[in-house]
Amino acid sequence: MDTKNLEARLEKLEQQIQKRIDRQNLFATIISHQLEQLSLNTHLLISLLPPSVDLEPLSQFYLKQIEDYQQLKQQLSPDDDTGRDYLNTLITDLQQIHCQLTEKN
Numbered sequence: 013m014d015t016k017n018l019e020a021r022l023e024k025l026e027q028q029i030q031k032r033i034d035r036q037n038l039f040a041t042i043i044s045h046q047l048e049q050l051s052l053n054t055h056l057l058i059s060l061l062p063p064s065v066d067l068e069p070l071s072q073f074y075l076k077q078i079e080d081y082q083q084l085k086q087q088l089s090p091d092d093d094t095g096r097d098y099l100n101t102l103i104t105d106l107q108q109i110h111c112q113l114t115e116k117n
């Protein structure tokens with residue numbers, strides 16, 4: 013292969029890598045926004061419910077989600093720092109929502 017072909021292939025690979033990074037960032041932004049909305053909606057819902065409503069099923073749902081994300085985090089390769097950070101954020105957000113539920117119960 014000549015130098016021009018190598019440069020063209022390298023440029024194409026760099027573009028593919030950048031597209032992947034952009035998609036991951038967009039996905040992380042969307043998920044973060046959805047978690048914020050979920051937290052807000054849960055907080056509003058909790059404040060509107062009468063004290064007699066049993067929130068235990070919803071609390072158990074969030075605990076299961078937290079466990080699932082923790083298991084997924086354990087399955088990540090050791091060098092996947094981005095995935096680990098992302099899952100840590102999800103777990104933390106879900107734990108906060110769960111705390112809101114347990115405080116209400």
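Sequential numbering from 13 applies to the sequence shown in our numbering. Where a beta carbon is used, it is the ideal one built from N, C-alpha and C, also for glycine.
Give the straight-line distance between the Cα atoms of residue i and residue j, rounded to the nearest whole angstrom.
i	j	result
Leu-106	Tyr-74	6 Å
Gly-95	Leu-38	14 Å
Glu-23	Leu-88	29 Å
Asp-14	Gln-27	20 Å
Pro-63	Tyr-98	34 Å
Gln-43	Ile-33	Looking at the sequence provided, one finds Ile at residue 43 rather than Gln. Approximately 15 Å between the Cα atoms of the pair.
Leu-67	Glu-115	10 Å
Gln-83	Lys-31	28 Å
Asn-17	Leu-52	53 Å
Is there at least one Cβ from chain C nearer than 7 Å to residue i's Cβ?
i	result
Leu-47	This model lacks chain C altogether; it includes just one protein chain.
In three-state DSSP terms, what is residue i?
i	result
Asp-97	helix
Asp-14	coil
Below 7 Å CB to CB, which residues in the same chain sit around residue i once its five sequence neighbours on both sides are set aside?
i	result
Gln-112	Thr-54, His-55, Ile-58
Gln-72	none
Contact check, residue i vs residue j under 8 Å by CB: the rounded distance?
i	j	result
Tyr-81	Leu-47	Not confirmed; about 11 Å, so no contact.
So, at 8 Å on beta carbons, what are the nonlocal neighbours of residue i in its own chain, with the 5 sequence-adjacent residues on each side left out?
i	result
Asn-100	Lys-85
Worksheet item: What are the uninterrupted segments assigned as alpha helix (DSSP H) that are 4 or more residues long and contained completely in the segment 34-91, given in chain order?
Response: 68-87
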